[in-house]
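Down below is the structure, laid out as structure tokens.
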Ligand SMILES: Cc1cc2nc3c(=O)[nH]c(=O)nc-3n(C[C@H](O)[C@H](O)[C@H](O)COP(=O)(O)OP(=O)(O)OC[C@H]3O[C@@H](n4cnc5c(N)ncnc54)[C@H](O)[C@@H]3O)c2cc1C
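In the working numbering, the protein residues as written are 707 to 1145.
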């Protein structure tokens, strides 16, 4: 392929094209390095060109060029994905949509945005109107809306709203097809499902409609427990309270809190932490519940307070892994659904001792409060990691393998047939992020 000619043609059409090898390398990576398995598999995978689009017509120009020349195209938002989602396995063009940053409309209960809008910026603007997003990943300050919808799943708010897959949480998507004459599909409700968490393999999202929820005054807290069972029981009990509204409940089992260096003055060896964001309006009931559960509130803050240094959500979800790896880079992680079975966790803790450290998020799955684990694992080698995952499965837990870049091998199992059919319709030449839907 004559990449200089392709670059020249796109530049002539007013697009910004990056050819510099260092820049291309940087814009061909994400946070897959949390997995030593993925790191080895993705080594050296790099775009031949990176193209920035500021508008839908610019994105269409790139699609036309790719289809005409049969060039693989991988979309990129902020590049914070964990599974190499925006790493171009077959090279080609990385299409960076982060410049598409227009908030098209913001009204009570609903936001319509371009894909490059940062979730943090949207949240801030929604809050000024008394509303907030239902779900936010812990990377919300840097991640884009398009990247979250295409590569993420849930985060803060999961205890109330589940995941992006739950009907209602993504209202509508405008998607461009990968054809010589790209179609502009408006997919509402169920029709948008094949694109959600689709890693950009089945259409390029140019507009997103998300629901908003009324904003509450929140308070952040850490409740410390001397044993893991009590911490889990408290977290589950809190999640089930009808009169105490929470939007984040996690369990950070000993010794995980030791990795949180900016919280080290609160750390006591042997402590298991429950980290929560609860409604300020329910604070008294929350403190009484914590006391009755024999938990000690060791940290609390108003997240809106000026000059605050701690952002509690940035210790949770995959930020736990990020912070732990900053101290011990030999750590990796798993993604496990324990559903409601605490015994599985206690059995695994006994079996693997200090080889596994339990980080658990409470999330709503089909109306039930569930335990979703992101355990930290001391990485020895791939075989041992497989053994550990098998041990989880043998006990009845479901693994959403974070050590694979293909959707079929990871969290969406089995891949619905409708998704494969949709893929053939919108990307008949299989040019969109090839290798990511199935191996
Ligand atoms: C420390 C850390 C914590 C994290 N915590 C969470 C969490 O709490 N919850 C969670 O769900 N995830 C989490 N993640 C993963 C990731 O940060 C989020 O999913 C984030 O929302 C991805 O957004 P992004 O803009 O970085 O997307 P990118 O990484 O740029 O892209 C993600 C995928 O979406 C595709 N894509 C991007 N834009 C488009 C588009 N417009 N059209 C079609 N496809 C597109 C890309 O091709 C890629 O496959 C975490 C990651 C890290 C490193």
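Note that the Cβ used here is the ideal one computed from N, Cα and C, for glycine as well. Quantities reported herein were computed from a predicted structural model and do not represent experimental measurements.
(request) Write down the C-beta distance between residue 848 and residue 784 rounded to the nearest angstrom, noting that I regard them as a contact closer than 8 Å. (result) Translated into the one-based positions of the chain shown, residue 848 becomes position 142. Translated into the one-based positions of the chain shown, residue 784 becomes position 78. So it is a contact: roughly 5 Å between Cβ atoms.
(message) If you reduce the DSSP assignment to three classes, tell me which class residue 1023 lands in.
(response) As a working mapping, residue 1023 is identified with position 317 in the chain shown. If DSSP states are grouped into helix, strand and coil, residue 1023 belongs with coil.
(message) Is residue 736 a contact residue of ligand 1, with contact defined as CB to any heavy atom under 8 Å?
(response) Along the chain shown, read from residue 1 onward, the residue named residue 736 stands at position 30. Here the distance from the Cβ of residue 736 to the nearest heavy atom of ligand 1 is below 8 Å.
(request) Tell me whether residue 909 sits in a helix, a strand or coil according to DSSP, three-state version. (result) Numbered from its first residue, the chain shown carries residue 909 at position 203. Coil.
(request) Take residue 1042 as the anchor and find which of 1060, 1064 and 760 has the nearest alpha-carbon. (result) Within the chain shown, the letter at position 336 stands for residue 1042. The shortest Cα separation from residue 1042 among 1060, 1064 and 760 belongs to 1064.
(request) Pick out whichever of 959, 990, 722 and 917 has its Cα sitting closest to the Cα of residue 950. (result) Taking the chain shown and counting its residues from 1, one reaches residue 950 at position 244. The shortest C-alpha to C-alpha distance from residue 950 to any of 959, 990, 722 and 917 is the one to 990.
(message) Distance check for residue 776 and residue 763, CA to CA, integer angstroms please.
(response) In the chain shown, counting from the first residue as 1, residue 763 sits at position 57. In the chain shown, counting from the first residue as 1, residue 776 sits at position 70. Whole-angstrom Cα-Cα distance: 19 Å.
(message) So if DSSP puts residue 1079 in a beta bridge, which residue, or which two residues, is it bridged to?
(response) Here the question's residue 1079 lines up with position 373 in the chain shown. Note: residue 1079 sits in a beta bridge opposite 1042 and 1066.
(request) Could you pull out every unbroken beta strand (DSSP E) segment of at least 3 residues lying fully inside the region 716–760, listed in chain order? (result) 722–724 and 755–758
(request) State buried or exposed for residue 707, treating a residue as buried only when at least 16 other CB atoms are found within 10 Å of its CB. (result) For the purposes of this step, residue 707 is taken as the residue at position 1 of the chain shown. Flag for residue 707 reads exposed.
(request) Pull up the distance between the alpha-carbon of residue 1081 and that of residue 710, whole angstroms please. (result) Start at 1 with the first residue of the chain shown, and residue 1081 comes out as number 375. Start at 1 with the first residue of the chain shown, and residue 710 comes out as number 4. For residue 1081 and residue 710, the distance between alpha carbons rounds to 46 Å.
(request) Following the continuous alpha helix (DSSP H) through residue 1124, name the residue where it begins and the one where it ends. (result) Working through the chain shown from its first residue, we reach residue 1124 at position 418. Note, residue 1124: alpha helix (DSSP H), 1123–1132.
(message) By the three-class DSSP mapping on this structure, what secondary structure does residue 916 have?
(response) As a working note, residue 916 is residue 210 in the chain shown. Here residue 916 sits in strand by DSSP.
(request) Would you decide whether residue 1092 is buried or exposed? Buried here means 16 or more other CB atoms lie within 10 Å of its CB. (result) On the chain shown, position 386 is the one that residue 1092 refers to. By the 10 Å Cβ count, residue 1092 comes out exposed.
(message) The alpha helix (DSSP H) that contains residue 946, what's its start and end?
(response) Your numbering for residue 946 matches position 240 in the chain shown. Residue 946 -> alpha helix (DSSP H) spans 934–946.
(request) Specify, as a first and last residue, the run of the alpha helix (DSSP H) that residue 1098 falls within. (result) Looking up residue 1098 in the chain shown gives position 392. Looking at the DSSP string, the run of the alpha helix (DSSP H) that includes residue 1098 is 1088–1100.
(message) With a threshold of 8 Å, are at least 3 pairs of Cβ atoms found where one atom belongs to the region 920–937 and the other to the region 990–1005?
(response) yes
(message) On the criterion of 16 or more Cβ atoms from any shown chain inside 10 Å, does residue 752 qualify as buried, or is it exposed?
(response) Start at 1 with the first residue of the chain shown, and residue 752 comes out as number 46. Buried, because 16 or more other Cβ atoms sit within 10 Å of the Cβ of residue 752.
(message) Residues in the same chain with beta-carbon distance under 8 Å from residue 1111, minus the five sequence neighbours each way, listed in chain order, please.
(response) Residue 1111 sits at position 405 when you count from the first residue of the chain shown. Excluding positions up to five away in sequence, the list reads 738, 744, 747, 748, 789, 790, 791, 793, 795, 1141 and 1142.
(message) Distance check for residue 943 and residue 850, CA to CA, integer angstroms please.
(response) As a first step, residue 850 must be located in the chain shown, where it is residue number 144. As a first step, residue 943 must be located in the chain shown, where it is residue number 237. If I take the Cα positions, the gap works out to 33 Å.
(message) Tell me the rounded alpha-carbon separation between residue 914 and residue 1052.
(response) Numbered from 1 along the chain shown, position 208 holds the residue referred to as residue 914. Numbered from 1 along the chain shown, position 346 holds the residue referred to as residue 1052. Near 41 Å, if we compare the C-alpha coordinates of residue 1052 and residue 914.
(request) Could you name the residues that DSSP lists as bridge partners for residue 781? (result) Position 75 of the chain shown holds residue 781. Residue pairing of residue 781 in beta bridges, as defined by DSSP: 801.
(request) Taking only heavy atoms of ligand 1 into account, decide whether any of them is closer than 8 Å to the Cβ of residue 901. (result) For the purposes of this step, residue 901 is taken as residue 195 along the chain shown, with counting starting at 1. Answer for residue 901: yes, Cβ within range of ligand 1.
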